[in-house]
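The structure appears right after this line, and notes come after that.
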Amino acid sequence: MRISKYDKLAEALEGFNRVESLQDKLKINRQRAIFLMHKLRALGYVKTYYGANNKRIYYISKRNKERGISYTSVLNKYAPTAGIRILDNDNYFVHGRDITPEELMIYCLKQNSIRYVIASLILFRKIKDWSLLYKLAKKENAVNKIIALYEVARKSVRKIRKMPKRFYNLARKEKKFYYIVEPYSSRDFGEIEKKWRTYIPLNIADLTEYKEGV
Amino acid sequence: MLNKEQQEKIFSSIGKELKKPMQVYAIGGTSMMLRGAKENTLDIDLVFLNSDDRKIFLEAVGNLGFKNENAIKVYGLKENVPLMVNVLEGRIDLFLEKIITSTFSDNMKKRANETHEFGTNLLIKPADLNDVLIMKSATSRAKDEDDIVSIINKSQINWDVILEEVQSQIKLGNQLAIIGLEEVLERIHNKKFAPVPKSVLDSLWVLLNKQINEKSGKEKKEHKLKSLTV
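Those protein sequence lines, which keep their order, are chains A and B.
Position one of the first sequence corresponds to residue 1 (our numbering), numbered consecutively onward.
Position one of the second sequence corresponds to residue 215 (our numbering), numbered consecutively onward.
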């Protein structure tokens, strides 16, 4: 099948589908249905959602391909469990380049949402360019917030890379406390809060998904 | 004709060439393509909010080797014609707030809630499809009627928004907004190309009559004043 044929197929299958429904619609076997879904996904037509019992639901649409990539869709790719994924309602799309985990980290902080903060913790595993993260964080006045979240991530998510000492040293010694998500603070991460003058909107109970999934 | 890949390539290379970040609005076929309602377009229509941005954009397009086109050849001696550049097998039209007779109103800006980033420096906000429908009804080209049919069939049209916006276009000086829209929608309704609610056509008819009465009332007043002064 050529790409134009997949284009037509995506148009015909527009909407929510499961592997079984694809089998019914196209009168094909399961193996072929999975292959077609794989091809459509590779061409950018498929978005995957998770239903009850973690069953995969595929949203096939030509619009998925045309819209570029959104920050939330990339964040969802990194999420280790379905419970951490966020409903993608983004209105910001990037074309012609990849979104880096460093950019994504800052994006999550700017969302002012606890769900984004929880989902962002896994990103510390992916960050390679710490100097870029520092630059972006400094621009947003969020260096201390990043370090505070990093320390939370070290305690709750496994296999987190070590942050360079330079990053710690460059953090400003603040007097005033800052919120990540106003007005929430933590019962369990009080020490980190005091150390980095940043209120953390999470408790250990909020991070159980990481314990189960990672 | 420009397809999606070509359009993306053009925007990405312009975005990389731009000296500073800028935000522009996409209207017409470009907006429909970015919102997934169309496959290809003859021309890329962009609306700038200030002339400096348009100048910088034009410079960047020039640096990529694309050449300017004379707008009079395409639009004649109309007002608010765009600056034009020929690219690959299409054209970019660069408007400055006004699009021939229509105005890119504040409400249109608010409704353009999606942002598409190309080459980090170019942020394009595609106009809402309700607004694209209104702008397309102002022209009398057959392909624009096809686009209107496709918008009505493929997306959820908010007819209240359309009725509201068409009235604000009149206030902004586009006197032909209602009659243009009414004519196109009536034709589409009669030929059954797409579902247009009867109540919308009736409301447009009422608005049109109101506009005529207001205008004739004004003219009568002006005539009276003139005769008194003479």
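Just so you know, even glycine gets a beta-carbon here, dropped at the ideal spot from N, CA and C.
is_contact[Lys-429(B), chain A] using C-beta, thresh 8 Å: no
Segment contact flag, the region 166–173 of chain A with the region 110–127 of chain A, C-beta cutoff 8 Å, min 3 pairs: no
Whole-angstrom distance between Gly-250(B) and Tyr-58(A), CA atom to CA atom: 18 Å
Spatial distance of Ile-224(B) from Glu-209(A) (CA atoms): 43 Å
Beta-bridge pairing of Glu-283(B) - partner residues as DSSP gives them: Met-298(B)
Under 9 Å by beta carbon: chain A residues contacting Asn-327(B): Asn-91
Neighbour flag for Lys-135(A) against chain B, beta carbons, 8 Å: no
Own chain residues within Cβ distance below 8 Å of Ser-265(B), not counting five before or after: Leu-310
Beta-carbon proximity of Val-313(B) to Ile-384(B), cut-off 8 Å: Residue 313(B) is actually Ile in this sequence, not Val. In this structure, Ile-384(B) does not lie closer than 8 Å to Ile-313(B) by Cβ.
Burial state of Pro-235(B) (16 or more Cβ within 10 Å): exposed
Buried versus exposed call for Trp-419(B) [16 or more other C-beta atoms within 10 Å across all chains shown]: exposed
Cβ contact (3+ pairs, closer than 8 Å) linking the region 381–400 of chain B and the region 312–327 of chain B: yes
Rounded straight-line distance, which links the Cα of Tyr-50(A) to that of Ala-33(A): 18 Å
Start-to-end residues for the beta strand (DSSP E) that takes in Leu-377(B): Not the beta strand (DSSP E): Leu-377(B) falls in the alpha helix (DSSP H), residues 373–385.
Buried versus exposed call for Arg-85(A) [16 or more other C-beta atoms within 10 Å across all chains shown]: buried
Assigned secondary structure, Pro-409(B) (DSSP; H/G/I helix, E/B strand, else coil): coil
Contacts around Ile-348(B), its chain only, beta-carbon distance under 8 Å, and the 5 residues preceding and following it disregarded: Ser-316, Ile-376, Glu-379, Val-380, Gln-383, Ala-391 and Leu-395
Beta-carbon gap between Arg-325(B) and Asp-345(B) smaller than 8 Å: yes
4 or more residues per run - each alpha helix (DSSP H) lying fully within the region 52–79 of chain A: 62–66 and 71–78
Cβ pair Asn-282(B), Val-295(B) closer than 8 Å: no
Whether Gly-229(B) touches Asn-335(B) by CB criterion (8 Å): yes
Beta-bridge partners of Ile-306(B), as assigned by DSSP: Ile-258(B) and Val-299(B)
Span of the beta strand (DSSP E), counted from its first residue to its last, around Leu-336(B): 336–340
Endpoints, the beta strand (DSSP E) within which Gly-15(A) is located: 15–17
Contacts of Lys-62(A) in chain B (Cβ-Cβ under 7 Å): Gly-250
is_contact[Gly-15(A), chain B] using C-beta, thresh 8 Å: no
Cβ-Cβ separation, Phe-332(B) to His-95(A) (assumed contact under 8 Å), whole Å: 5 Å
Cβ of Met-1(A) within 8 Å of any chain B Cβ: Note that Met-1(A) scores a pLDDT of 45, beneath 50, so its modelled location is shaky; the value from the coordinates is reported in the next line. No, because no Cβ of chain B sits closer than 8 Å to the Cβ of Met-1(A).
Against chain B: residues of the region 92–110 of chain A by CB proximity under 8 Å: Tyr-92, Phe-93, Val-94, His-95, Gly-96 and Arg-97
Under 7 Å from the C-beta of Glu-222(B): neighbouring residues of chain A: His-95 and Gly-96
Cβ-based burial, Ala-274(B) [other Cβ within 10 Å; buried from 16]: buried
Min CB distance Gly-68(A) to chain B below 8 Å: yes
Best match in Glu-182(A), Glu-11(A) and Arg-154(A) for proximity to Ile-192(A) [C-alpha to C-alpha]: Arg-154(A)
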